[in-house]
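To keep things clear, I will list the structure first and then write my remarks on it.
2 protein chains.
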Amino acid sequence: MAPRTPNGRDTEGKLQLILRHAAQIFAAQGYASTSIRDISRATGLPLSSLYYYFESKQKLLYLIQIHAFTSILEELERRLNVTTEPLERLSVFIRNHILYFLTHPAEMKVLAHEEDALEEPFKRQVAAIKRRYYGLARGIFEELSRQGRTNGLNARIAVLSLYGMMNWVYKWHNPKVDPRAEELAETMARIFLHGVLNERDRQSERWEAERPALEKAGSSD
Amino acid sequence: MAPRTPNGRDTEGKLQLILRHAAQIFAAQGYASTSIRDISRATGLPLSSLYYYFESKQKLLYLIQIHAFTSILEELERRLNVTTEPLERLSVFIRNHILYFLTHPAEMKVLAHEEDALEEPFKRQVAAIKRRYYGLARGIFEELSRQGRTNGLNARIAVLSLYGMMNWVYKWHNPKVDPRAEELAETMARIFLHGVLNERDRQSERWEAERPALEKAGSSD
DNA sequence: TGCTTAGTCGAACGTTCGTTCGGAAACTTT
DNA sequence: AAAGTTTCCGAACGAACGTTCGACTAAGCA
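As they're listed, the protein sequences go chains A and B. The first sequence begins at 1 in this note's numbering and counts up one residue at a time. The second sequence begins at 1 in this note's numbering and counts up one residue at a time.
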């Protein structure tokens, strides 16, 4: 925490500070309409000093996106280890996503909104980690399908729909009015996993983490 | 169609041509990173000539957004007139949205992606029509709730989730791989209205427009 | 103490931006 | 044919952009 690096000037901490401020401004104004001078103003650092910490505006966006994606993926993989039950795993996925979204709104907005702003050296790398993230959810969904527990929907469409439902949150979530992460995650999990309509046996289902793993009882489960 | 306006120069048609090209470029590069010169290049019209048709870049974006929103809303209100059954109406809403989305991908991307790019004289007006659109879906959902046919979810969250699911489509839909509008709309209607899990009576449900109106069986009507 | 390296920063670079202006050209009305 | 109106457009405006440069100060090491 203190500047205990060889040099007593905490260079790494300053980069993080720049990244934090830059994420805020990118989120508020958009990448393309943010100037390096805006970031200079927000951080209090002179324009030219910024270029000691990152070599281009593109690289700055890249650093923000990679950092956010790496964090959310690490956290997710940690949490997914608690169970192999696909229903629970999907629920964990949703909760993890929403939780990260609401605790890091600026970073997540940049991730969701500035997908195409990166150009080719960087674009590829962010696309790779994104594919890994997407593939994780899709894998879980397909496992669920293999067990005959879905209604046979196209996995790609289903998972991308879920993804959209969650990623759109940055456009409307208002902490003053809307539920916190836990409740929001549970609501979306219900919509996605179960649906909105009154069904006969919906009441019996629970996807909480506390719930003991499903017993296989017959047919498909 | 022919230039039968008082002047034989088809000014209105030229504006439409500019709007079409501009929507394409805004969709491809983003509003902020598109220059008027880009639009000049795409339309073949000289830079300064463009300003005869719109008075500022902001106004250009405004014209595109208002036009798209007005079209989709008009079409929707027309289609909603066929039934008062809330389940069918929600289904019509979803189908209309997706259909417009996939037949006007550029306009819809601009609508979904450049929400915050407009500034104050224009922002308010687009926000107003957007609120009307959102309110329509929410009204239908609440009617459904009043009839006791939902599982009691927060209407705001539910409708915004649906909205997100549909609006995210522009980020991933690939005509070469993904289903056409009708099928996509039905899939999303199923996810939203019904859910993804195997339930006992899911098979009996249909939300097609052809289906005769539900008979009231009890509860609220 | 001096030498080297890491970090700072004012000033300026070339380019691109949105927009304007004034007059030329095209068409309509008398 | 003259007058009036609408449409067109080359050239230029000041402002803002991302990035660079080179001189500077402060820290770490001998």
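Note that beta-carbon positions come from the ideal geometry of N, C-alpha and C, so glycine has one too. No experiment lies behind these values; they were computed from the predicted model shown.
> Using a C-beta to C-beta distance shorter than 7 angstroms, which residues of chain B count as neighbours of Y51 of chain A?
Replying inline: The residue given as residue 51 of chain A occupies position 51 in the first sequence. Going along chain B, no residue has its Cβ under 7 angstroms from Y51 of chain A, so there is no contact; the nearest lies around 21 angstroms.
>> 8 angstroms is my cut-off, CB to CB: does G13 of chain A come that close to chain B?
In response: What you label residue 13 of chain A is simply residue 13 of the first sequence in a count that begins at 1. No, its Cβ sits nowhere closer than 8 angstroms to a Cβ of chain B.
>> Classify A128 of chain A: buried if its beta carbon has 16 or more other beta carbons within 10 angstroms, exposed otherwise.
In response: For the purposes of this step, residue 128 of chain A is identified with residue 128 of the first sequence, where counting begins at 1. Note on A128 of chain A: under 16 other CB atoms within 10 angstroms of its CB, so exposed under the neighbour-count rule.
>> Between which two residues does the alpha helix (DSSP H) holding K14 of chain A run?
In response: Here residue 14 of chain A is taken as the residue at index 14 of the first sequence, counted from 1. Counted as a single uninterrupted DSSP element, the alpha helix (DSSP H) harbouring K14 of chain A occupies residues T11 to Q29.
> By DSSP, does T150 of chain A sit in helix, in strand, or in coil?
Replying inline: Your numbering for residue 150 of chain A matches position 150 in the first sequence. The three-state secondary structure of T150 of chain A, taken from DSSP, is strand.
> Can you check whether the CB of Y51 of chain A is closer than 8 angstroms to the CB of L15 of chain A?
Replying inline: Within the first sequence, numbered from 1, the residue matching residue 15 of chain A stands at position 15. Within the first sequence, numbered from 1, the residue matching residue 51 of chain A stands at position 51. No; because the gap between Cβ atoms is not below 8 angstroms, this pair is not in contact.
>> Applying the 10 Å Cβ sphere with the 16-neighbour rule, what's the burial state of R89 of chain A?
In response: For the purposes of this step, residue 89 of chain A is taken as the residue at position 89 of the first sequence. Result: buried.
>> With distance defined between alpha-carbon atoms, name the residue in B:R146, B:I140 and B:R149 nearest to V159 of chain B.
In response: Mapped onto the second sequence, residue 159 of chain B falls at position 159. When C-alpha distances from V159 of chain B are compared across B:R146, B:I140 and B:R149, the shortest belongs to B:I140.
> Looking at chain B, which residues of the segment 134 to 165 of chain A have a Cβ within less than 7 angstroms of any of its Cβ atoms?
Replying inline: The segment 134 to 165 of chain A vs chain B, Cβ under 7 angstroms: R149, T150, N151, L153, N154, I157, A158, L160, S161, Y163, G164 and M165.
>> Could you compute how far the alpha carbon of L45 of chain B sits from the alpha carbon of A23 of chain B?
In response: Counting from one through the second sequence, the residue named residue 45 of chain B turns up at place 45. Counting from one through the second sequence, the residue named residue 23 of chain B turns up at place 23. If you take the alpha carbons of L45 of chain B and A23 of chain B, they lie about 16 angstroms apart.
> Using 8 angstroms as the threshold, is the segment 76 to 83 of chain A in touch with the segment 109 to 125 of chain A, meaning 3 or more CB pairs across them?
Replying inline: Flag = no, the segment 76 to 83 of chain A and the segment 109 to 125 of chain A do not touch.
> What residue from B:Q29, B:L193, B:I72 and B:T103 has the CA that sits closest to M165 of chain B's CA?
Replying inline: Numbered from 1 along the second sequence, position 165 holds the residue referred to as residue 165 of chain B. Selected option, being the one with the closest Cα: B:L193.
> Among A:I72, A:T187, A:R95 and A:D10, which residue has its Cα nearest to the Cα of L153 of chain B?
Replying inline: For the purposes of this step, residue 153 of chain B is identified with residue 153 of the second sequence, where counting begins at 1. With distances taken between CA atoms, L153 of chain B lies nearest to A:T187 out of A:I72, A:T187, A:R95 and A:D10.
> Since S33 of chain A meets chain B, which of its residues come closer than 9 angstroms, beta carbon to beta carbon?
Replying inline: Numbered from 1 along the first sequence, position 33 holds the residue referred to as residue 33 of chain A. What S33 of chain A touches in chain B: Y31, A32, S33 and A117.
> Taking three-plus beta-carbon pairs below 8 angstroms as touching, is the segment 30 to 46 of chain B in contact with the segment 87 to 102 of chain B?
Replying inline: No: the two stretches stay apart, fewer than three of their Cβ pairs being nearer than 8 angstroms.
> Near A137 of chain B, which residues of its chain fall below 6 angstroms by C-beta distance, leaving aside the five closest residues on each side in sequence?
Replying inline: Looking up residue 137 of chain B in the second sequence gives position 137. Close CB contacts of A137 of chain B within its chain, under the 6 angstroms cut and outside five residues either way in sequence, are with F93 and V159 (chain order).
>> Once DSSP output is grouped into helix, strand and coil, what is the label at F93 of chain B?
In response: The sequence position of residue 93 of chain B within the second sequence is 93, counting from 1. Helix.
>> Once DSSP output is grouped into helix, strand and coil, what is the label at S35 of chain B?
In response: As a working note, residue 35 of chain B is residue 35 in the second sequence. It is coil, neither helix nor strand.
> Given that T83 of chain B touches chain A, what residues does it touch there, using C-beta distances under 8 angstroms?
Replying inline: In the second sequence, counting from the first residue as 1, residue 83 of chain B sits at position 83. Against T83 of chain B, chain A offers no close residue; the least beta-carbon distance is about 17 angstroms (beta-carbon pairs closer than 8 angstroms).
> From B:E12, B:T11 and B:A185, pick the residue whose C-alpha is nearest to that of T101 of chain B; which is it?
Replying inline: As a position in the second sequence, residue 101 of chain B is number 101, starting the count at 1. According to the sequence as given, residue 101 of chain B is Phe; it is not Thr. If we check each option's Cα against that of F101 of chain B, B:A185 comes out closest.
>> Measuring straight from C-alpha to C-alpha, what distance separates V196 of chain B and N151 of chain A?
In response: For the purposes of this step, residue 196 of chain B is taken as the residue at position 196 of the second sequence. For the purposes of this step, residue 151 of chain A is taken as the residue at position 151 of the first sequence. The pLDDT assigned to V196 of chain B is 42, lower than 50, so where the model puts this residue is not dependable; a value taken from the coordinates is nonetheless given after this. For V196 of chain B and N151 of chain A, the distance between alpha carbons rounds to 6 angstroms.
>> I'd like the ranges of any alpha helix (DSSP H) spanning at least 4 consecutive residues and lying wholly in the segment 100 to 183 of chain A.
In response: Runs of the alpha helix (DSSP H) inside the segment 100 to 183 of chain A: 105 to 113, 120 to 146, 155 to 167 and 169 to 172.
> V177 of chain B: buried (16+ other C-beta within 10 angstroms of its C-beta) or exposed?
Replying inline: Within the second sequence, the letter at position 177 stands for residue 177 of chain B. By the 10 Å Cβ count, V177 of chain B comes out exposed.
> Using a Cβ-Cβ cut-off of 6 angstroms (strictly less than) and excluding sequence neighbours within five positions of T11 of chain A, which residues of its own chain qualify?
Replying inline: In the first sequence, residue 11 of chain A corresponds to position 11, counting from 1. The beta carbon of T11 of chain A sits closer than 6 angstroms to no other beta carbon from its chain once the five residues preceding and following it are set aside.
> With a CB to CB cut of under 7 angstroms and the five nearest residues on each side skipped, what residues in its chain are close to L63 of chain A?
Replying inline: As a working mapping, residue 63 of chain A is identified with position 63 in the first sequence. Hits under 7 angstroms: L19 and F54.
> What's the C-alpha gap between R200 of chain A and R95 of chain B?
Replying inline: Along the first sequence, one-based indexing puts residue 200 of chain A at 200. Along the second sequence, one-based indexing puts residue 95 of chain B at 95. Interpretation of R200 of chain A is limited by its pLDDT of 42, a score under 50 that renders its predicted location unreliable; the figure taken from the coordinates is listed afterwards. About 27 angstroms.
>> Please classify S56 of chain A as buried or exposed, where buried requires at least 16 neighbouring CB atoms within 10 angstroms.
In response: Within the first sequence, numbered from 1, the residue matching residue 56 of chain A stands at position 56. S56 of chain A is exposed by the Cβ-count criterion.
>> Below 9 angstroms on C-beta distance, what does V169 of chain B contact in chain A?
In response: Here residue 169 of chain B refers to the residue found at position 169 of the second sequence. Here the neighbours are L160, S161 and G164.
>> By the three-class DSSP mapping on this structure, what secondary structure does Y62 of chain A have?
In response: One-based indexing of the first sequence puts residue 62 of chain A at position 62. When DSSP states are grouped into helix, strand and coil, Y62 of chain A belongs to the helix group.
> Could one say the Cβ of F122 of chain A lies closer than 8 angstroms to chain B's Cβ atoms, at least one of them?
Replying inline: The count along the first sequence starts at 1 and reaches residue 122 of chain A at position 122. Cβ-Cβ to chain B under 8 angstroms: no for F122 of chain A.
> Is any beta-carbon of chain A found at less than 8 angstroms from that of M108 of chain B?
Replying inline: As a position in the second sequence, residue 108 of chain B is number 108, starting the count at 1. Cβ-Cβ to chain A under 8 angstroms: no for M108 of chain B.
> Taking the C-alpha atoms as reference points, what is the distance between K109 of chain A and Y170 of chain B?
Replying inline: Against the first sequence, residue 109 of chain A aligns to sequence position 109. Against the second sequence, residue 170 of chain B aligns to sequence position 170. Distance between the alpha carbons of K109 of chain A and Y170 of chain B: 17 angstroms.
>> Tell me which residues of the segment 75 to 105 of chain A have at least one Cβ-Cβ distance to chain B shorter than 7 angstroms, keeping chain order.
In response: The segment 75 to 105 of chain A vs chain B, Cβ under 7 angstroms: nothing.
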